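Written out below as structure tokens is the structure these notes cover.
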Amino acid sequence: MSGFAKPLKIALGLAVIAGLIFVPMNFNRYGLFILSQWAVMSIAAMGLNLTLGYAGQVSLAQGAFVGIGAYAAAIMTTHGWPLPAAILVAIALSFAVGWVLGYPALRVQHHYLAFVTLAFSTLAFLVFRNESWLTGGIYGISNIPRPHIFGFATNKPLPFYYVCLGSLAIVSVAVWWLIRSPWGRAFMALRENPLRAQSLGIDTRRYTLMAFAIGSALGGVAGALYAPLTQYIDPVPFNLSLSLDLLMMVIVGGAGFYFGPFLGAMIAVLLPEWLRFTEGYYLMLYAVAVMLLLIWSPTGILGILDRYMAARRTKAASALRAVAKSRLETVQ
Amino acid sequence: MSAVLEVTDIKKSFGGIHAVNGVSFDVREGEILGLIGPNGCGKSTLFNCILGQLTPSGGEVKLDGQVVTGLRPSELNKLGVSRTFQLLQVFPKLSVRENLILAGQEHQGNMASRLVGRSDAGLTDTANQMIGFFKLDHLADEPAGGLSYGQQKLLDAAMAFMGGPRLVLLDEPAGGVNPSMLADLKERLVAINREKNATFVVIEHNMEFVMSLCSRVMVMAEGKVLAMGRPDEVRKNPAVIEAYLGH
Chain A
104 MSGFAKPLKI ALGLAVIAGL IFVPMNFNRY GLFILSQWAV MSIAAMGLNL
154 TLGYAGQVSL AQGAFVGIGA YAAAIMTTHG WPLPAAILVA IALSFAVGWV
204 LGYPALRVQH HYLAFVTLAF STLAFLVFRN ESWLTGGIYG ISNIPRPHIF
254 GFATNKPLPF YYVCLGSLAI VSVAVWWLIR SPWGRAFMAL RENPLRAQSL
304 GIDTRRYTLM AFAIGSALGG VAGALYAPLT QYIDPVPFNL SLSLDLLMMV
354 IVGGAGFYFG PFLGAMIAVL LPEWLRFTEG YYLMLYAVAV MLLLIWSPTG
404 ILGILDRYMA ARRTKAASAL RAVAKSRLET VQ
Chain B
4 MSAVLEVTDI KKSFGGIHAV NGVSFDVREG EILGLIGPNG CGKSTLFNCI
54 LGQLTPSGGE VKLDGQVVTG LRPSELNKLG VSRTFQLLQV FPKLSVRENL
104 ILAGQEHQGN MASRLVGRSD AGLTDTANQM IGFFKLDHLA DEPAGGLSYG
154 QQKLLDAAMA FMGGPRLVLL DEPAGGVNPS MLADLKERLV AINREKNATF
204 VVIEHNMEFV MSLCSRVMVM AEGKVLAMGR PDEVRKNPAV IEAYLGH
């Protein structure tokens with residue numbers, strides 16, 4: 104979005120942040136729940152955007168990492184551990200598992216890789232469901248406590264929404280830093296041209312594993328917030344359809360665009376709610392809206408904006424060339 | 004002059020085809036060695052074997068006397084061996100400047116400093132100098148995918164030099180580049196060869212380009228070395244005329 108003037112961009116950003124802080128103060132319980140869910144899903148989608156959008160590695164397992172994080176947090180916090188400790192464990196665990204899941208990506212790519220990660224997703228679901236000594240099986244884990252942050256209880260919906268929003272803010276800054284660092288550039292090199300990347304000294308193996316591990320770790324963070332948000336988890340929300348939902352959020356928002364996951368999560372979480380007035384038709388309308396969007400712009404919502412900006416730049420450049428040409432002709 | 008690169012009896016077969024069938028040669032420090040031969044004679048396969056992109060079926064590659072056979076391309080690049088590609092290999096969505104920074108960043112610091120340090124790895128100035136050197140100034144902020152074929156070739160060459168390599172293998176740098184741009188490219192290559200004392204191996208079909216640029220020329224045919232010598236010697240060699248140059 105380089106076409107916008109900088110002050111305008113900053114003003115817009117501040118307005119959005121202020122809106123996210125102040126507007127929900129009047130929301131009811133349900134509204135706050137939906138908005139918290141948006142924040143949590145944005146975090147998970149940002150992780151997938153890193154793996155898929157920036158590093159170009161297809162994954163159908165992001166939902167499984169949300170599950171890993173959620174179970175880690177649920178088990179730990181119901182045993183008296185504080186949530187921040189549980190989040191750190193969720194990060195470490197999903198980072199390690201994500202790293203291992205990255206190994207197939209060193210051999211297979213694209214839809215073959217999608218199948219490998221899909222199999223992992225199914226495996227994780229079976230572990231959540233069958234290992235009931237650890238996960239509570241189909242009965243799940245209930246009474247998951249919400250944390251005390253610096254002595255403040257966050258049991259009520261509004262304070263816990265701020266926990267989710269604050270976490271989203273921290274993750275957003277960290278991801279922004281990562282993608283503009285040389286690591287981010289190396290991730291894009293994996294996506295754009297791994298052969299050339301290798302010949303430039305880029306250790307494609309290590310960066311591929313890192314892209315998987317970091318993306319998965321963010322899935323774990325989202326899960327560790329999801330558990331105290333719903334205060335009850337069972338295996339069902341972490342089946343393959345969550346992975347597919349997260350994939351859709353990344354693609355619809357615009358894969359490889361920094362703001363893509365925020366928009367994608369907004370559409371996936373909020374649009375069905377807005378369409379509820381149509382009663383029985385809302386899921387159908389939602390499906391049709393997503394199909395139309397992707398036919399119109401396969402690169403997602405931010406792809407539309409990007410094309411518009413590129414067209415404007417080309418126009419401006421041709422205008423400059425035309426002026427330069429007419430000057431040359433006058434000189435001659 | 005000492006040998007930077009020593010290649011001994013390199014072989015590479017694909018099924019029953021011996022693409023490279025026992026090639027030995029050495030590259031002397033500071034020279035520009037030309038590599039010519041008919042299409043399909045194994046030039047690019049030889050490059051890929053030297054650079055670790057393919058694992059040779061047999062033979063040995065030494066860099067400064069150290070055996071480097073079997074190292075990965077990224078490891079070889081860190082040791083100062085760089086390359087360009089026959090087909091365009093740039094990062095199309097990144098700008099020209101970003102392409103160049105990417106080409107040099109792994110030679111700066113370590114993994115940790117590349118994560119927490121400056122986002123350009125301190126390379127913006129070097130990249131800008133390279134952009135000026137290859138006359139790409141007006142395109143610095145354009146996505147590389149939007150450049151013309153010849154400009155992308157220049158960028159590809161510029162990227163090979165970002166890490167300050169000692170040895171550069173160029174695969175058909177002149178292919179598809181127009182004559183005036185080609186003269187520029189040759190001038191740049193000679194300048195880098197002299198000033199930075201970089202050693203080059205150049206695969207090329209453009210005879211005029213090879214003969215005027217290179218100090219020695221190696222001719223390959225059917226996976227083997229047919230001749231090696233000064234350009235004027237090679238040009239007169241009857242076997243070379245028979246196999247490649249034509250009557």
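Chains as they are written, first to last, in the working numbering: chain A, 104 to 435; chain B, 4 to 250. For every residue, glycine included, the Cβ atom is placed at its ideal position computed from N, Cα and C. Keep in mind it's a predicted model, so treat the numbers as computed, not measured.
Comparing the C-beta of residue 273 of chain A with each C-beta of chain B, is any distance below 7 Å? no
Using a Cβ-Cβ distance under 7 Å, would residue 100 of chain B count as near chain A? no
For residue 292 of chain A, which residues in chain B fall below 7 Å Cβ to Cβ? 94, 105
By DSSP, does residue 308 of chain A sit in helix, in strand, or in coil? helix
Roughly how far, in whole angstroms, is the beta-carbon of residue 153 of chain A from the beta-carbon of residue 274 of chain A, given that I think they are within contact range, below 8 Å? The Cβ separation is near 11 Å, so there is no contact.
Quick one: give me the first and last residue of the alpha helix (DSSP H) that residue 239 of chain B is part of. 234-239
Where do the N-terminal and C-terminal ends of the beta strand (DSSP E) with residue 145 of chain A fall, by residue? From DSSP, residue 145 of chain A is part of no beta strand (DSSP E) but of the alpha helix (DSSP H) over 132-151.
Could you tell me which chain B residues have their CB closer than 8 Å to the CB of residue 295 of chain A, listed as they occur along the chain? 94, 95, 96, 97, listed in chain order.
Identify, in the order they occur along the chain, each residue of the same chain with its Cβ nearer than 6 Å to the Cβ of residue 212 of chain B, setting aside the five sequence neighbours on each side. 177, listed in sequence order.
Residue 199 of chain B: which of B:168, B:114, B:205, B:11 sits nearest, CA to CA? B:168
Please decide whether residue 81 of chain B counts as near chain A, where near means a Cβ-Cβ distance under 7 Å. yes
Chain-ordered chain B contacts of residue 202 of chain A [CB-CB under 8 Å]: Near residue 202 of chain A there are no residues of chain B at all, since even the closest Cβ is about 14 Å away, more than 8 Å.
Alpha-carbon to alpha-carbon, residue 205 of chain A and residue 221 of chain B: 43 Å
Quick one: which unbroken beta strand (DSSP E) runs of 3-plus residues sit fully inside the stretch 92-179 of chain B? Chain order, please. 170-174
Rounded separation between residue 58 of chain B and residue 190 of chain A - CA only: 44 Å
Quick check on the DSSP output: what are the complete alpha helix (DSSP H) runs of length 4 or more inside the stretch 188-243 of chain B, in order along the chain? 210-216, 234-239
Residues of the stretch 118-142 of chain B with Cβ closer than 7 Å to any Cβ of chain E, in chain order: In summary, chain E is missing from the structure at hand, where the protein chains are A and B.
Spatial neighbours of residue 219 of chain A within its chain, please: C-beta separation below 7 Å, excluding the five flanking residues on both sides. Apart from sequence neighbours up to five positions away, the residues of its chain that approach residue 219 of chain A with a beta-carbon distance below 7 Å are 207, 211, ordered along the chain.
Hey, residue 356 of chain A and residue 402 of chain A: beta-carbon distance below 7 Å or not? no
What did DSSP end up calling residue 34 of chain B once you bin it into helix, strand or coil? Taken through DSSP and simplified to helix, strand or coil, residue 34 of chain B comes out as coil.
What number of angstroms, rounded off, separates the C-alpha of residue 349 of chain A from the C-alpha of residue 148 of chain A? Per the coordinates, the alpha-carbon of residue 349 of chain A lies some 6 Å from the alpha-carbon of residue 148 of chain A.
Tell me the rounded alpha-carbon separation between residue 420 of chain A and residue 426 of chain A. 10 Å
Residue 363 of chain A at chain B interface by Cβ criterion, 7 Å: no
In whole angstroms, give me the CA-to-CA distance for residue 105 of chain A and residue 406 of chain A. Residue placement at residue 105 of chain A cannot be trusted, given a pLDDT of 49 that sits under 50; the coordinates are not used to answer.
Residues of chain A with CB closer than 8 Å to the CB of residue 192 of chain B, please, in chain order. None at all; the shortest Cβ gap to chain A is about 18 Å.
Does DSSP put residue 188 of chain A in a helix, in a strand, or in coil? helix
Can you name the start and end residues of the alpha helix (DSSP H) that residue 336 of chain A belongs to? Careful: residue 336 of chain A lies outside any alpha helix (DSSP H) and carries neither H nor E.
Same chain only: Cβ atoms within 7 Å of residue 145 of chain B, ignoring 5 sequence neighbours per side: 98, 99
Cα-Cα, which of A:135, A:387, A:337, A:393 is closest to residue 247 of chain A? A:337
C-alpha distance - residue 192 of chain A paired with residue 244 of chain A, whole-angstrom precision: Each residue's alpha carbon lies about 18 Å from the other.
Keeping to the same chain, check which residues put their C-beta closer than 8 Å to that of residue 94 of chain B; ignore five residues upstream and five downstream. Answer for residue 94 of chain B: 101, 102, 105, 147, listed in chain order.
Neighbouring residues, chain B, relative to residue 305 of chain A (Cβ below 7 Å): 77, 109
If we count Cβ pairs, one from each stretch, closer than 8 Å, do we get three or more for the stretch 181-190 of chain A versus the stretch 297-315 of chain A? no
Quick one: measure Cβ to Cβ for residue 135 of chain A and residue 335 of chain A, integer angstroms, because I've assumed they're closer than 8 Å. That belief does not hold up - the Cβ atoms of residue 135 of chain A and residue 335 of chain A are roughly 17 Å apart, past 8 Å.
Please go through the same chain and pick out, in chain order, the residues whose beta-carbon is closer than 7 Å to the beta-carbon of residue 191 of chain B, but skip the five residues on each side of it. Excluding sequence neighbours, residue 191 of chain B sits near 136, 137.
For residue 418 of chain A, which residues does DSSP report across the bridge? DSSP lists no partner for residue 418 of chain A.
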